Amino acid sequence: MQNILSVQSLTKKFDDFTAVKDISFNVETGSIFAFLGPNGAGKSTTIKMLTTVLKPTSGEISINGFNVLKEQDRARASFGIVFQDHSLDDELTAYENVVYHAVIYKVPKKKGQKESGKLWRSSGFGIVGKIMLKSIQAA
Ligand SMILES: Nc1ncnc2c1ncn2[C@@H]1O[C@H](COP(=O)(O)OP(=O)(O)OP(=O)(O)O)[C@@H](O)[C@H]1O
Ligand SMILES: [Mg+2]
0 MQNILSVQSL
10 TKKFDDFTAV
20 KDISFNVETG
30 SIFAFLGPNG
40 AGKSTTIKML
50 TTVLKPTSGE
60 ISINGFNVLK
70 EQDRARASFG
80 IVFQDHSLDD
90 ELTAYENVVY
100 HAVIYKVPKK
110 KGQKESGKLW
120 RSSGFGIVGK
130 IMLKSIQAA
């Protein structure tokens, strides 16, 4: 089976400090893969390289068959990511956050508004979609 993710001899150095040292692994398409390690092991640094946020010092990464360095846009279009710290805007409502992210992902604004409205109507959260996130978190 084809690998959805392939990492070969990946290394990341911050000046003299080696945060990720020569790691290689493959993830088969359709499989579930967990990436575990102690604090400071280099997990976040690796994920940043896989998601094009950090440039490796050396090594190769292929996602969905696309070279992450040479075919960055196509590699980016091949994954989704849920961040450790959320990337929502507290000054927007839940509805507006969905529209905002839709636009970032090049969904036409009108379609984003329509889909976000549908999402909130069908979610059972109703009015929550119209309240600023910081008010929901404070409640
Ligand atoms: N931008 C940076 N500059 C210098 N050193 C860094 C940088 N980013 C990370 N490091 C160092 O690289 C090492 C690996 O860090 P990383 O954040 O990848 O670990 P982690 O496995 O995600 O840890 P945790 O479980 O605590 O989240 C750590 O020693 C960290 O201090
Ligand atoms: Mg981390």
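Its first residue numbered 0, the sequence shown is counted upward by one per residue in numbering that gives the first Met the number 0.
Even for Gly, the Cβ is constructed at its ideal location relative to N, Cα and C.
Remember, predicted model here, so these are calculated numbers, not experimental data.
(message) I need the boundaries of the alpha helix (DSSP H) containing Ala-93, first residue and last residue.
(response) Ala-93 -> alpha helix (DSSP H) spans 93-103.
(message) Looking at ligand 1, does it come within less than 7 Å of Lys-42, judged from the CB to the closest heavy atom?
(response) Taking the Cβ of Lys-42 as the reference point, at least one heavy atom of ligand 1 falls within a distance shorter than 7 Å.
(request) Would you check whether ligand 1 has a heavy atom nearer than 7 Å to the C-beta of Asn-96? (result) Not one heavy atom of ligand 1 is found less than 7 Å from the C-beta of Asn-96.
(request) Grab the span of the beta strand (DSSP E) containing Ile-60 for me, first residue to last. (result) Ile-60 -> beta strand (DSSP E) spans 57-62.
(request) Please state if the CB of Glu-95 and the CB of Lys-133 are separated by a distance shorter than 8 Å. (result) Contact flag unset, no.
(request) For the stretch 22-82, list the alpha helix (DSSP H) runs that are entirely contained and at least 4 residues long, ordered along the chain. (result) Counting whole runs of 4 or more residues, the stretch 22-82 contains the alpha helix (DSSP H) stretches 42-49, 71-75.
(message) Tell me whether the stretch 39-49 and the stretch 6-19 touch, counting them as touching only if at least three CB pairs, one residue from each stretch, are closer than 8 Å.
(response) Contact holds: three or more Cβ-Cβ distances are below 8 Å.
(request) Return helix, strand or coil for Ser-8, following the three-state DSSP convention. (result) In the three-state reduction of the DSSP assignment, Ser-8 falls in the strand class, which pools E and B.
(request) With Lys-129 as the anchor, note down where its alpha helix (DSSP H) starts and where it stops. (result) Here Lys-129 belongs to no alpha helix (DSSP H), and DSSP marks it neither H nor E.
(request) Please report the Cβ distance between Thr-28 and Ile-62, rounded to the nearest whole angstrom; I am assuming they are in contact, meaning their Cβ atoms lie under 8 Å. (result) That pair is no contact at about 11 Å.
(request) Please classify Lys-54: is it buried, with 16 or more other beta-carbons within 10 angstroms of its beta-carbon, or exposed? (result) It counts as exposed.
(request) Taking 8 Å as the cut-off, decide whether the C-beta atoms of Leu-118 and Val-97 are in contact. (result) Against a cut-off of 8 Å, the Cβ pair of Val-97 and Leu-118 comes out as a contact.
(request) May I ask you to list the residues that DSSP assigns as paired with Val-19? (result) Note: Val-19 is bridge-paired with Lys-11 in the DSSP secondary-structure output.
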